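All remarks here apply to the structure that follows.
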Amino acid sequence: MEQLGYFLMSFTSIKMIFLVCAGTFAGIYIGAIPGLSVTMAVSILISFTFAWDVNEALCLMGGVYCGGVYGGSRSAVLLNIPGAPAAIATGFDGYPLAKLGEAGIAIGLSTTASVIGGFIGILALATAAPLISEYSLLFSSRDYFMLAVMGLLLVGSLSGESLAKGIFAGALGVFLSMIGMDTFTGQGRFTFGSIGLMSGIHFVAIMIGLFGVSEALAQIHDLHVAPVKQQVKNIVPSWRLLFKHLPLIVKSSLIGIGIGALPGAGGDIASLMAYGSASRSVKNPTRPFGQGAYEGVIAPETANNACIGGDNIPMLTLGIPGDAVTAVIIGALYIHGLKPGPMLMIDTPHLFWFWVGVLTLANIFLLPLGLSGIRIFAKCVELRKGLLLPMVILISVVGTYGINNSITDVYWMLGFGAFGYILKMYGFQMGPVILGVILGPIMEDNYRRAMQDVQHSIPQFFWGFVSRPLTLALIVLTLVMICGQGDWRGKFKRILSKAKSGQTEKL
Amino acid sequence: MEETTKRRPGERILIWFLLALSIFVCAAAWRMPRETLSSSGAFPLFIGAVMALSALRILWKGRKVFASWQWREERPLIRPFLLPKEVALYIGVLVIYILTTGFIGFWVSSYLFLVGSFLLLKGAGPVKALLVGTGLLAVIWFLFQYIFRIALW
Numbered sequence: 009m010e011q012l013g014y015f016l017m018s019f020t021s022i023k024m025i026f027l028v029c030a031g032t033f034a035g036i037y038i039g040a041i042p043g044l045s046v047t048m049a050v051s052i053l054i055s056f057t058f059a060w061d062v063n064e065a066l067c068l069m070g071g072v073y074c075g076g077v078y079g080g081s082r083s084a085v086l087l088n089i090p091g092a093p094a095a096i097a098t099g100f101d102g103y104p105l106a107k108l109g110e111a112g113i114a115i116g117l118s119t120t121a122s123v124i125g126g127f128i129g130i131l132a133l134a135t136a137a138p139l140i141s142e143y144s145l146l147f148s149s150r151d152y153f154m155l156a157v158m159g160l161l162l163v164g165s166l167s168g169e170s171l172a173k174g175i176f177a178g179a180l181g182v183f184l185s186m187i188g189m190d191t192f193t194g195q196g197r198f199t200f201g202s203i204g205l206m207s208g209i210h211f212v213a214i215m216i217g218l219f220g221v222s223e224a225l226a227q228i229h230d231l232h233v234a235p236v237k238q239q240v241k242n243i244v245p246s247w248r249l250l251f252k253h254l255p256l257i258v259k260s261s262l263i264g265i266g267i268g269a270l271p272g273a274g275g276d277i278a279s280l281m282a283y284g285s286a287s288r289s290v291k292n293p294t295r296p297f298g299q300g301a302y303e304g305v306i307a308p309e310t311a312n313n314a315c316i317g318g319d320n321i322p323m324l325t326l327g328i329p330g331d332a333v334t335a336v337i338i339g340a341l342y343i344h345g346l347k348p349g350p351m352l353m354i355d356t357p358h359l360f361w362f363w364v365g366v367l368t369l370a371n372i373f374l375l376p377l378g379l380s381g382i383r384i385f386a387k388c389v390e391l392r393k394g395l396l397l398p399m400v401i402l403i404s405v406v407g408t409y410g411i412n413n414s415i416t417d418v419y420w421m422l423g424f425g426a427f428g429y430i431l432k433m434y435g436f437q438m439g440p441v442i443l444g445v446i447l448g449p450i451m452e453d454n455y456r457r458a459m460q461d462v463q464h465s466i467p468q469f470f471w472g473f474v475s476r477p478l479t480l481a482l483i484v485l486t487l488v489m490i491c492g493q494g495d496w497r498g499k500f501k502r503i504l505s506k507a508k509s510g511q512t513e514k515l
Numbered sequence: 066m067e068e069t070t071k072r073r074p075g076e077r078i079l080i081w082f083l084l085a086l087s088i089f090v091c092a093a094a095w096r097m098p099r100e101t102l103s104s105s106g107a108f109p110l111f112i113g114a115v116m117a118l119s120a121l122r123i124l125w126k127g128r129k130v131f132a133s134w135q136w137r138e139e140r141p142l143i144r145p146f147l148l149p150k151e152v153a154l155y156i157g158v159l160v161i162y163i164l165t166t167g168f169i170g171f172w173v174s175s176y177l178f179l180v181g182s183f184l185l186l187k188g189a190g191p192v193k194a195l196l197v198g199t200g201l202l203a204v205i206w207f208l209f210q211y212i213f214r215i216a217l218w
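Quick look at the structure:
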């Protein structure tokens, strides 16, 4: 009963309802506008909501998070430019639908599929997280160390064109997190005698620089690309169409939850996998896959929104992010004094249920907001980058200054923006850097504690990994993840091309 | 994982720089206490080594691509690839914006930055730039004063 009260807390305050609604609305547009990403938005929001009450901050961020994941599909359908990696698969059939003049029905289907998938994902989160967190209480510092290592393995799926570049970026993030005072000994590390560096570089300044300014600078390259205009009408899908695809929606939701719950796998893999599964299992699609099949929009959209619930399971119970966005959300929770991980459910169970409530409310708002405001949306998508990018930079500057009212943070943010831009131009991804910044301290602190527990005996340290069943299970899981670090997207693309050629042969 | 190295002018310089940075991290970590495996220098040393090894790996993987270019051929292509006129100019504008904030205040410098950026990036004509700049700053002032409650300098 108490849990229900916490769950419904955001439903009972006008201010919180407004914040979730505003966040979802903003998230949809941020996710949809090419050049803006939900990761960028949440990074910047952390600094804005720094001084807020934690509940209100979570309301706004939860809304932006849910809206942003969904919003990516809109630009995938209308412009064939996925607003987020999780919307890549949506464009496979969404854009052909738009070219056929059915952009409205594609947006309508993706909205309703996202909402249903989102609810199923949240249900899975509410059911599974308390069970997992009970087990996670048994974790020792060695296990936490392993969990952080598992989280860092996410660089494999975030590294883009080169795994080595991903590993470098992840290690660079860990290095950045070590600058400042050592929490164990009080000694300065990488401070070179500077008092100013003793408190380290604020991770929000790094995040805003890497995701906001560097992205804006990279976008200046494509300034001259003219915005694409689309006609959007008939947006509300019929009940008949929805009921017909309900089994596919449920199946894709389960795929999304399962993939999301795996540490290191996020919405992009879930949506590609759901698309691959649909293209193989749907016997009579409305059109061949790749040519505007409704099923090709429904499956990935359901999966990527169901993935929100799945991603939150390891994030809240183990402190391991599922993708770059959840890595940033973890940072946001830390900023507000929360510690995602096994103790979250023990120390602050009300916040867990409150967060579940916020996600539910955001999902409710997703339906009317996703099915309306098409004219405003079309204007936003067509907004010139020359107008949009200076706004992003100004908001980044203001947001960074707001962390500590310090101009030094702004200098750092701009420095990382320029450095991130250079790295990006040469194929480095920013996700692994943030992952390193967030997980680095967890990994180091627990490694050092584990070492101290065994009096620095290396044999005992390694014996601990195999002598405890729980640690052994984590080792096995880590090894499985390392083995699975192969070319997932490549594998999926091969599966998809096989499925597509299968469809063509059938025709 | 099957990886291909794209040919990008200036990449090998960046990777060599990153390798130098990694070695610098290792050297700085080496000077920290490292009597035991949990000393403050142990983990930084490990991370520095990971950075150096991955930088070496990138150099090794791309050795053929990097070697296929003469420095004389590559050098003139670096600036247009990495810092085309718009980006270089815009980075300059950003630096001037931040440096002038301390002298003329946040609101005036931000206004000039916004209007200048809109014009530079051809986002708007002069009148629209002035109007959008004013409107945006008014919205920011309202949001920060009443919603986010953050005092701007």
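From first to last, the protein sequence lines are chains P and B.
If you read the first sequence in the working numbering, its first letter stands for residue 9, the second for the next number, and so on.
If you read the second sequence in the working numbering, its first letter stands for residue 66, the second for the next number, and so on.
C-beta atoms are modelled at their ideal positions from N, C-alpha and C, and glycine is treated no differently.
Predicted model, so just to flag it, every value in this text is computed and none were measured.
Query, Result
"Spatial distance of SER279 of chain P from ILE25 of chain P (CA atoms)", "29 angstroms"
"Beta carbon proximity, ILE265 of chain P to chain B, threshold 7 angstroms", "no"
"Uninterrupted beta strand (DSSP E) stretches inside the segment 74-151 of chain B (no shorter than 3 residues)", "none"
"DSSP three-state assignment for GLY109 of chain P, whether helix, strand or coil", "coil"
"Stretch pair the segment 114-133 of chain P + the segment 245-254 of chain P: three plus CB contacts closer than 8 angstroms", "yes"
"Beta-carbon spacing of LEU341 of chain P, PRO348 of chain P below 7 angstroms", "yes"
"Terminal residues of the alpha helix (DSSP H) in which PHE436 of chain P lies", "First-last for PHE436 of chain P: undefined, no H or E at that position."
"Pick from P:MET189, P:ALA132, P:GLY300 that is closest to GLY106 of chain B, judged by C-alpha positions", "P:MET189"
"Cβ of ALA120 of chain B within 7 angstroms of any chain P Cβ", "yes"
"Chain-ordered residues of the segment 185-198 of chain B with a beta carbon less than 7 angstroms from chain P", "LEU186, LYS187, GLY188, ALA189, VAL197"
"Contact under 7 angstroms by Cβ, ALA307 of chain P with ALA282 of chain P", "yes"
"Contact set for GLY300 of chain P: own chain, Cβ-Cβ below 6 angstroms, skip 5 residues either direction", "ASP101, PRO104, LEU105, LEU108"
"Whole-number beta carbon distance between SER404 of chain P and ILE216 of chain P, since they are thought to touch under 8 angstroms", "5 angstroms"
"The segment 396-412 of chain P touching the segment 137-155 of chain P, judged by at least three CB pairs closer than 8 angstroms", "no"
"Check whether GLY71 of chain P and ALA95 of chain P have beta carbons under 7 angstroms apart", "no"
"For ARG197 of chain P, the residue or residues it bridges with in DSSP", "P:GLY188"
"N-terminal and C-terminal residue of the alpha helix (DSSP H) that LEU249 of chain P is part of", "247-252"
"Contact list for TYR211 of chain B against chain P, beta-carbon separation under 7 angstroms", "Here the premise fails: no neighbours, minimum Cβ distance about 13 angstroms."
"Three-state class that DSSP yields for SER45 of chain P in the structure shown", "coil"
"Neighbour-count burial assignment, PRO293 of chain P, 16 or more Cβ in a 10 Å radius", "buried"
"Chain P within 7 angstroms of GLU76 of chain B, Cβ atoms only", "yes"
"Burial state of PHE127 of chain P (16 or more Cβ within 10 Å)", "buried"
"Chain-ordered neighbours of PRO149 of chain B on chain P, where CB pairs are closer than 9 angstroms", "ILE228, HIS229"
"Interface flag, GLN463 of chain P vs chain B, CB-CB below 7 angstroms", "no"
"Secondary structure of LEU396 of chain P, DSSP reduced to three states", "helix"
"GLY358 of chain P (DSSP reduced to helix, strand or coil)", "The sequence given here places His at residue 358 of chain P; Gly does not occur at that position. DSSP places HIS358 of chain P in helix when its eight states are reduced to three."
"Spatial distance of ILE22 of chain P from VAL50 of chain P (CA atoms)", "22 angstroms"
"Buried versus exposed call for ARG197 of chain P [16 or more other C-beta atoms within 10 Å across all chains shown]", "buried"
"Beta-carbon spacing of VAL441 of chain P, LEU249 of chain P below 7 angstroms", "no"
"CB contact below 7 angstroms: MET392 of chain P versus chain B", "For clarity, residue 392 of chain P is Arg in the given sequence; the question names Met instead. Closer than 7 angstroms: yes."
"Cutoff 7 angstroms: VAL441 of chain P Cβ touching any chain B Cβ", "no"
"Chain B within 7 angstroms of THR193 of chain P, Cβ atoms only", "yes"
"CB contact check: TYR155 of chain B to chain P, cutoff 7 angstroms", "yes"
"Nearest to LEU397 of chain P (by Cα), restricted to the options B:TRP172, B:GLU151, B:SER87, B:TRP206", "B:GLU151"
"Reference ALA132 of chain B; option with closest CA among B:GLU76, B:ILE163, B:THR101, B:SER87", "B:GLU76"
"Test: THR165 of chain B CB closer than 7 angstroms to a CB of chain P", "no"
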